[in-house]
Every structure is written in C-alpha cells, then in structure tokens.
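Working notes for the structure below.
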Amino acid sequence: MEEYIENLKVVGSLSKLFSDSSKPYLYYRVAEKLYNQAFGATDVSRNDIAIDSIFKKKGVGLKTFVGHNGKKSYQKVAEFNALKVELDNILANRGQKEYIKAISNYRNNRISYALDTFDLNGAIYHSVVRDVGKFKIIEEPMHLIQVDDIQNIKGDKIINFDDGLEAYKYNVSKSTLFKQFNESSVLEVFDVKIVDSPLETLKKLTQKLKIDNTVSEQASVILPLYSTRTGKVPERSGLNQWNAEGRPRNLFEIYISVPAFIHKKFPDFFPARDTKFSLLLPNKKVVSAKICQDNGKALMSDPNAELGEWLFRKGLNFQPGKLVSREMLNRVGIDSVEITKKDSNEYELSLRKLGSFDEFVGMNS
Numbered sequence: 164m165e166e167y168i169e170n171l172k173v174v175g176s177l178s179k180l181f182s183d184s185s186k187p188y189l190y191y192r193v194a195e196k197l198y199n200q201a202f203g204a205t206d207v208s209r210n211d212i213a214i215d216s217i218f219k220k221k222g223v224g225l226k227t228f229v230g231h232n233g234k235k236s237y238q239k240v241a242e243f244n245a246l247k248v249e250l251d252n253i254l255a256n257r258g259q260k261e262y263i264k265a266i267s268n269y270r271n272n273r274i275s276y277a278l279d280t281f282d283l284n285g286a287i288y289h290s291v292v293r294d295v296g297k298f299k300i301i302e303e304p305m306h307l308i309q310v311d312d313i314q315n316i317k318g319d320k321i322i323n324f325d326d327g328l329e330a331y332k333y334n335v336s337k338s339t340l341f342k343q344f345n346e347s348s349v350l351e352v353f354d355v356k357i358v359d360s361p362l363e364t365l366k367k368l369t370q371k372l373k374i375d376n377t378v379s380e381q382a383s384v385i386l387p388l389y390s391t392r393t394g395k396v397p398e399r400s401g402l403n404q405w406n407a408e409g410r411p412r413n414l415f416e417i418y419i420s421v422p423a424f425i426h427k428k429f430p431d432f433f434p435a436r437d438t439k440f441s442l443l444l445p446n447k448k449v450v451s452a453k454i455c456q457d458n459g460k461a462l463m464s465d466p467n468a469e470l471g472e473w474l475f476r477k478g479l480n481f482q483p484g485k486l487v488s489r490e491m492l493n494r495v496g497i498d499s500v501e502i503t504k505k506d507s508n509e510y511e512l513s514l515r516k517l518g519s520f521d522e523f524v525g526m527n528s
C-alpha cells in the first residue's frame, strides 16, 4: 500500500497541469496503472467488462471521483446504449418494474460473465476519492443486484431503486446505471501537496534525463465477431462454423473473421497463412493459432475447437450447439476482439465492447 500511496501523491501533485481545483486531479487510466503496478494486479480493462483488474483471484472495479464531504454519492457503473431500443420496448409494454429488472439482470450478467471468464472468487470496487488537498481510498463489495428484492422504485427520467443491499439510479435517456458509494468507509486517507508550477518541475526533471529517441510500438488490430457485409453472425461460418455442412463438426469449432481491410491496411501484422503462432487468452491460457482459408479470412486455433471452447464457455458464456446471433452479442456487450502483437510469433486476444471494430476502421481509413 505504501508504494501505491506515494505514487498517487506524485501524480496528484501535478494536478495544476489540468485543473485549478483544490481537489487533486487523477485521470482514471492513470489510477488503473498505479493500482496494477503497486499491487502486481493483472490489467483486464481492455476486455471491456465489469472489472478493470484482477488481484488475488478477485475482480477489481477501479474508480476515481470527486468527493462529497464524506457522504454518499452516485457513480456510474454501467452503460446499456446498445440495448436501449430493447429496454425502451420493455418500459413501454411491460412497465417500470420489469424495465428495472431487465436492466438489473443485464448488469448481473456482465458481472457474472467477468467472474466466469477469469475463474474469480468475487469482485470489489476500489475507489480513489478526490477531496480538498487529499485522496481517500475506499473499498466495497461488487454485489449482484438482488432482482427479486428490488423495491422503492421512484422517478421517471431518473429512476431510483434499491435491493436491500445497495441503492441505484438509472438515467433513462443516457441508458446509464449508477450505484451509491459510501465515502465514509475509508480504507486510507492522505494529504496531497499540489505543486504551484508543475510544468517548471517537469522541465527541470527532463533536463536531467538522457533522452532515448527509440520509438516502441505495440501494434494491434480489431476483428469483428460478425459479418461486416451483413452485420449479422452467419449461420454456417464464423462463430457458427460448427454448424457448417459437409461433415460432422465439434460444437466448439469456430473461427474469427479477418476482413480483407485488415490484410490490406496491415499486410505484415499476421504471419503468413497456415503459419502457427501463440495466442494468449484473457484467462492466461496460451493456444496455438493460425491464419487460414482463402485470402486469409479466418483466425482459428489448432486444434480448431480450442478457441471456441474458451470463447463459448468463458469469453461469451454461450451454450454450445446454439446458433450465435448478433442479438446475443449485444446482450453481453461484446461484438469484437482485439489482437495485440507482442512479437513475430506471440499475440494476445482481448474482448472489446460493441462498436469497437467500426471505431477501429474509422480511425484507420
């Protein structure tokens, strides 16, 4: 904890680079890196799931927010933009209580999905609260919402409710779920001295450093779990390759599509067709994989059921033998994967949120 606190103090001291507030500034991505570095936690934030890190077989949702004088405050814990049409239909046709139950079930699915994917024993929230001249660290359990105990539903545009354990509110127009955090449950509290002229401090520091002009890049690409031509998951290929005609197939036989755009834009990213490479999965299992089929359109494991078994049992938590649809991907909030190149023969796979492939194409067009 000492190293963590000292690093937070250092970052907080530079707050005037970003804000004139008396409350030290802390960007959430920096907070995540400091936590992982200090505790040796595993960063899983790139998987776009309910947790950001893993520490001692527990998931950790990392947050940073401005304090409210040691009182309780609501903070965002989930967004459901991709499910807005479906949820709005539930609200219009089945009423507010069923609407809140549906939202709660989707939230629970995301938490359970993270626990199952990484074989975890539970999850917590770890928050750094930014107060006047200090940081406070608070921790509390990441509970599943007790759907059968939902009560005290109030409001219209902002719907408040609780389950006897936690209090929540849901912003209907923004499709965002907030949970109440108790800022008085303090694990640690410490002063942060904010430097008056942080830029001058950094200038002095850089003058003492030997500049290294070497640029190191860790290239990655995003691959869709659906057809870019139809926007749907094909019934006899891709995630449903097990359903293809011609011969009996293992129910876990799948492949991840590699659009022609990837090969054209990044011709040297993957090895040559049928050349095996190692692929690290989010649960730290390493599988053998290769690019195959005509025009290198498929990423498959070898044996070809190994990737599908992880993806169905852990990654997406889908039932083997059931056709995968785009709607199923929408429900879990994942429709693509990121492949990161570590070196010429080592790659890593992480799950990505809805719309990630389109964003990637837009950034690289």
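Here our numbering is used: the first residue of the sequence shown is 164, the next is one more, and so on. From the three backbone atoms N, C-alpha and C, an ideal C-beta is built for every residue, glycine too. These numbers were taken from a predicted model, which means no experiment stands behind them.
May I have a chain-ordered list of the beta strand (DSSP E) segments no shorter than 3 residues that lie completely inside the region 392-471? 440-443, 449-455, 461-464
Which residue's Cα is closest to the Cα of aspartate 354: His231, Glu165, Lys172? Lys172
Examine the Cβ distances between the region 237-247 and the region 341-353 and report whether three or more of them are shorter than 8 Å. yes
Helix, strand or coil at glutamate 195 according to DSSP, with G and I counted as helix: helix
So, at 8 Å on beta carbons, what are the nonlocal neighbours of threonine 438 in its own chain, with the 5 sequence-adjacent residues on each side left out? Lys453, Ile454
Determine the burial state of lysine 367: buried for a count of at least 16 other Cβ atoms within 10 Å of its Cβ, exposed for fewer. exposed
Look at the alpha carbon of glycine 175 and the alpha carbon of lysine 219, and state the distance between them as a whole number of angstroms. 27 Å
Roughly how many angstroms lie between the CA atoms of isoleucine 212 and lysine 186, to the nearest whole one? 29 Å
Cβ separation of leucine 442 and leucine 512, assumed to be a contact under 8 Å, to the nearest whole Å: 6 Å
Can you give the Cα-Cα distance for tyrosine 198 and arginine 412, rounded to whole angstroms? 44 Å
Going by beta carbon distance, what residues of the same chain come within less than 6 Å of alanine 330, once the five residues before and after it are set aside? Gln343
Mind checking asparagine 376: buried by the 16 CB within 10 Å criterion, or exposed? With a pLDDT of 48 at asparagine 376, under the threshold of 50, the modelled position of that residue is not reliable, and the figure given next carries that caveat. By the 10 Å Cβ count, asparagine 376 comes out exposed.
Report the rounded CA-to-CA distance for leucine 246 versus isoleucine 322, giving the unit in angstroms. 17 Å
Exposed unless 16 or more other CB atoms sit within 10 angstroms - verdict on asparagine 467: buried
Counting pairs of beta carbons, one from the region 270-278 and one from the region 495-502, are three or more of them closer than 8 Å? yes
Limits of the beta strand (DSSP E) - the one that serine 507 falls within: No beta strand (DSSP E) holds serine 507; DSSP gives it neither H nor E.
Look up threonine 227 in the DSSP assignment and give the residues it is bridged to. Val291
Go through its chain and collect everything with a Cβ distance to glutamate 380's Cβ below 7 Å, but skip five positions before and after it. Here the model assigns glutamate 380 a pLDDT of 46, short of 50, so the residue's position is not dependable and the matter cannot be decided.
What ranges does the beta strand (DSSP E) occupy inside the region 256-325, keeping only unbroken runs of at least 3 residues that lie completely in it? 286-294, 297-304, 314-317, 321-325
Just verifying my parser: in three-state terms, what is the DSSP assignment at alanine 201? helix
Valine 524 to glycine 258, Cα distance in whole Å? 39 Å
Host alpha helix (DSSP H) of serine 383 (start-end): No alpha helix (DSSP H) contains serine 383, which is instead part of the beta strand (DSSP E) from 383-387.
DSSP three-state label for glutamate 380, please. Any answer about glutamate 380 is weak, because its pLDDT of 46 lies below 50 and its placement is not dependable; what the coordinates show is given next. DSSP places glutamate 380 in coil when its eight states are reduced to three.
Excluding five sequence neighbours on each side, which residues of the same chain lie with their C-beta closer than 7 Å to the C-beta of serine 336? Lys320
Neighbour-count burial assignment, serine 182, 16 or more Cβ in a 10 Å radius: exposed
By how many angstroms is the C-alpha of lysine 504 removed from the C-alpha of lysine 485? 32 Å
Evaluate contact between the region 291-298 and the region 347-363, counting only Cβ atoms and requiring at least three cross-stretch pairs below 8 Å. yes
Skipping 5 residues on each side, what residues in its chain have a beta carbon closer than 8 Å to that of glycine 327? Gln309, Asp312, Gln314
Proximity of isoleucine 287 and methionine 305 at Cβ, strictly below 7 Å: yes
Same chain, Cβ closer than 7 Å to arginine 209, five either side skipped, listed in chain order: Glu501, Ser513
Just the Cα atoms here: how many angstroms apart are asparagine 458 and leucine 254? 46 Å
According to the neighbour-count rule (16 or more other Cβ atoms, all chains shown, within 10 Å of its Cβ), is valine 449 buried or exposed? exposed
Compute the beta-carbon to beta-carbon distance between serine 420 and leucine 386, rounded to the nearest angstrom, for a pair I have assumed lies under 8 Å. 6 Å
What would DSSP say about phenylalanine 353, mapped onto helix, strand or coil? strand
Could you check what DSSP says for lysine 516 in three-state terms: helix, strand or coil? strand
In whole angstroms, give me the CA-to-CA distance for valine 207 and glutamate 261. 32 Å
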